[in-house]
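J.: In short: position in the sequence shown from 1, add 16, done, that's the numbering used here. Cβ coordinates follow ideal geometry from the N, Cα and C atoms, glycine included.
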Amino acid sequence: MKHTILTRSPLGNPHRVWRQDNFVLSTFSAKGENMRDVLENCADAGFTMLELGWASHEQAEEALRICEELDIDLLYQDFSLFGGMQAHKLDRGPWDNAKAVADHVRPYKSCVGYYIWDEPYVEDQLVEARRVVDLFQKEDPARCPFTVAIPSYNDKFTWKNGEFAGYLYNYVNIIDPPMLSLDYYPIGLPGYTDEKQLDDSLMWCDLGLMRQLCKRHNLPLWFYYQAVNLYKYAHFEFPMVRMMMYAAVLYGAKALQQFTCVGSVIDEKGQKSIFFDETKAIHAEFKKLGNTLMALDSRYVFHSADLLPTSPYLTGLADDITDSEVLSGTLQDRVSVGELEDRYGNTYLVILNRDFTVEKTVELSLKKNYRIYEVSRETGRQSVLDDGTDRLTVTLAPGDAVLVRVQDAAEEAYTVEYRLEK
Numbered sequence: 017m018k019h020t021i022l023t024r025s026p027l028g029n030p031h032r033v034w035r036q037d038n039f040v041l042s043t044f045s046a047k048g049e050n051m052r053d054v055l056e057n058c059a060d061a062g063f064t065m066l067e068l069g070w071a072s073h074e075q076a077e078e079a080l081r082i083c084e085e086l087d088i089d090l091l092y093q094d095f096s097l098f099g100g101m102q103a104h105k106l107d108r109g110p111w112d113n114a115k116a117v118a119d120h121v122r123p124y125k126s127c128v129g130y131y132i133w134d135e136p137y138v139e140d141q142l143v144e145a146r147r148v149v150d151l152f153q154k155e156d157p158a159r160c161p162f163t164v165a166i167p168s169y170n171d172k173f174t175w176k177n178g179e180f181a182g183y184l185y186n187y188v189n190i191i192d193p194p195m196l197s198l199d200y201y202p203i204g205l206p207g208y209t210d211e212k213q214l215d216d217s218l219m220w221c222d223l224g225l226m227r228q229l230c231k232r233h234n235l236p237l238w239f240y241y242q243a244v245n246l247y248k249y250a251h252f253e254f255p256m257v258r259m260m261m262y263a264a265v266l267y268g269a270k271a272l273q274q275f276t277c278v279g280s281v282i283d284e285k286g287q288k289s290i291f292f293d294e295t296k297a298i299h300a301e302f303k304k305l306g307n308t309l310m311a312l313d314s315r316y317v318f319h320s321a322d323l324l325p326t327s328p329y330l331t332g333l334a335d336d337i338t339d340s341e342v343l344s345g346t347l348q349d350r351v352s353v354g355e356l357e358d359r360y361g362n363t364y365l366v367i368l369n370r371d372f373t374v375e376k377t378v379e380l381s382l383k384k385n386y387r388i389y390e391v392s393r394e395t396g397r398q399s400v401l402d403d404g405t406d407r408l409t410v411t412l413a414p415g416d417a418v419l420v421r422v423q424d425a426a427e428e429a430y431t432v433e434y435r436l437e438k
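1. Taking only runs of the beta strand (DSSP E) that begin and end inside the segment 290 to 375, which ones reach a length of at least 3 residues, in chain order?
2. Which word fits residue 280, buried or exposed, when buried means at least 16 other C-beta atoms lie within 10 angstroms of its C-beta?
3. Please tell me whether residue 8 and residue 146 are closer than 7 Å, where the distance is taken between their beta carbons.
4. By Cβ distance below 7 Å, which residues in the same chain neighbour residue 61 in space, the five residues on each side in sequence not counted?
5. Pick helix, strand or coil for residue 196, following the three-state DSSP scheme.
6. Output yes or no for whether 7 Å exceeds the beta carbon distance between residue 364 and residue 335.
7. In angstroms, rounded to a whole number, what distance separates the CA positions of residue 216 and residue 156?
8. Should residue 420 and residue 390 be called a contact, given that it needs their Cβ atoms to be closer than 7 Å?
9. Can you name the start and end residues of the beta strand (DSSP E) that residue 160 belongs to?
10. Which first and last residues belong to the beta strand (DSSP E) in which residue 153 is found?
11. For residue 3, which option in 177, 258, 160, 185 has the closest C-alpha, if you only look at C-alpha atoms?
12. Confirm, please, whether the CB-CB distance from residue 45 to residue 73 is below 7 Å.
13. Just to confirm the assignment: which complete beta strand (DSSP E) runs, minimum length 3, are found wholly within the segment 184 to 257?
14. From 81, 82, 131, 148, pick the residue whose C-alpha is nearest to that of residue 113; which is it?
15. So for residue 412, helix, strand or coil by DSSP?
16. Closest to residue 182 by C-alpha separation, out of 211, 222, 69, would be which residue?
17. In chain order, what residues of the same chain lie with their CB nearer than 6 Å to the CB of residue 133, ignoring the 5 residues before and after it?
18. If you draw a straight line from the alpha carbon of residue 87 to that of residue 405, how long is it in whole angstroms?
19. What do you reckon, are the CB atoms on residue 271 and residue 238 nearer than 7 Å?
20. Check the C-beta distance from residue 408 over to residue 382 and give it rounded, since I have them as a contact under 8 Å.
21. Within the same chain, show all residues whose beta-carbon is closer than 7 Å to that of residue 119, passing over the 5 residues directly before and after it, in chain order.
22. Taking the straight line between their C-alpha atoms, what separation do you get for residue 285 and residue 117?
23. Within 10 angstroms of its Cβ, does residue 276 collect 16 or more other Cβ (buried), or is it exposed?
24. Under the assumption that residue 422 contacts residue 388 (Cβ atoms under 8 Å), give the Cβ distance between them as a whole number of angstroms.
25. At a cut of 8 Å, does the segment 19 to 31 reach the segment 50 to 60 through at least three beta carbon pairs?
26. Can you tell me whether residue 338 is buried or exposed? The criterion is at least 16 other CB atoms within 10 Å of its CB, across all chains shown.
27. Assign residue 199 to one of two classes, buried (16 or more other C-beta atoms within 10 Å of its C-beta) or exposed (fewer than that).
28. Determine the direct distance from the alpha carbon of residue 80 to that of residue 123, and round the result to whole angstroms.
29. Relative to the alpha-carbon of residue 417, which residue among 226, 359, 264 has its alpha-carbon at the smallest distance?
30. Which term fits residue 166, buried or exposed, when burial requires 16 or more other beta carbons within 10 angstroms of its beta carbon?
31. In whole angstroms, give me the CA-to-CA distance for residue 70 and residue 102.
32. Which residues bound the alpha helix (DSSP H) around residue 83?
33. Return helix, strand or coil for residue 269, following the three-state DSSP convention.
34. Tell me the rounded alpha-carbon separation between residue 252 and residue 210.
35. Taking 8 Å as the limit between beta carbons, can you name the residues of its chain near residue 429, skipping five residues before and five after?
Here you go:
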């Protein structure tokens, strides 16, 4: 069978200098009693980046040294010097010392960027975040000036009061970020139930709006998923985590940001904890899938009818399956499909079992006979799953997904591999 090598390019806001080369697997603010144990176990779990939000001076200095030693990327912050959290920042007065910070971290190759602001919340903080982002871009243009937006379940900007879309538009327009990152932690929020799972969650609306803005502004989509039982719900299990990770990929995510490793991958002392083995395994999968995912753009997102069935907020933020060039019919309960494409016209599907309690055999009706290739989670290579069918069947574990490529069965078969070209 013919094997085709296609090039892909780094991604990033065309107005910004920084570019993303590879799929990111990160964790936020990995604090523990022993930073070396924390970082060694995070590296063992397969994280490719540590984010130093809210870090003290001592933590920041230690993380710089150890990340360099372990070859883990670092989003640097020393909260005694710079950075903000929601509408709050340290009272430093007008801050313009980006050059000193950049000069300090310049020798550390593992430092890939600066954690500028965690969820800037009101307009003057958006403006200040933009000013600091611009300062760091001027002083250290190759490194990423990172910020993250606030989700729609905050007190002020919500879907219900009609303010969230305007907030996220302002966030993007004012800060002009190098990527669009947002967090959403749905398991255990008020109204969440085992019976409904995430059928009624507005997480899907947040992701839909993010996807829309990323396409409009050519931004990579980064997403913080929930990895700890934040709200002390009756139980919290790894298939819930897996489903949120693959949900982001469904929308075209280029980074999966974990909140947080403490209480999931490691404990407060930095030792391996409850989800260490599962996290290590799924990170290994994404390291194989990531090269392909970096080459793909989201074209459509389809959900079964049981997702937000009576909500007005999903309108325009998900697609009708009748628009698909590949799929027909309807989707089974708790099934979602993302239709993605590369710049050469190759079409891929991310098929997600949203039900994180039961295994599901998913059957998709196709508009014509297609050759189906599965992208292996063990190797990253493509292999023929079916040489010609108008009905695609896959069996998925609770909260799991699969990435496949579809090709007109009448065409000559070929597999695809992507290589980064700068």
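T.: According to the structure data:
1. 313 to 319, 351 to 357, 363 to 369
2. buried
3. Since the displayed the chain opens at 17 and closes at 438, residue 8 lies outside it and no answer follows.
4. 281, 292, 295, 296, 299
5. strand
6. no
7. 43 Å
8. yes
9. 160 to 164
10. Careful: residue 153 lies outside any beta strand (DSSP E), inside the alpha helix (DSSP H) at 139 to 155.
11. What the structure shows of the chain is the stretch from 17 to 438, and residue 3 is not part of that stretch, so it cannot be assessed.
12. no
13. 196 to 199, 237 to 242
14. 148
15. strand
16. 222
17. 100, 145, 163
18. 45 Å
19. yes
20. 6 Å
21. none
22. 29 Å
23. buried
24. 6 Å
25. no
26. exposed
27. buried
28. 10 Å
29. 264
30. buried
31. 11 Å
32. 73 to 86
33. coil
34. 11 Å
35. 17, 18, 387, 400, 403, 423
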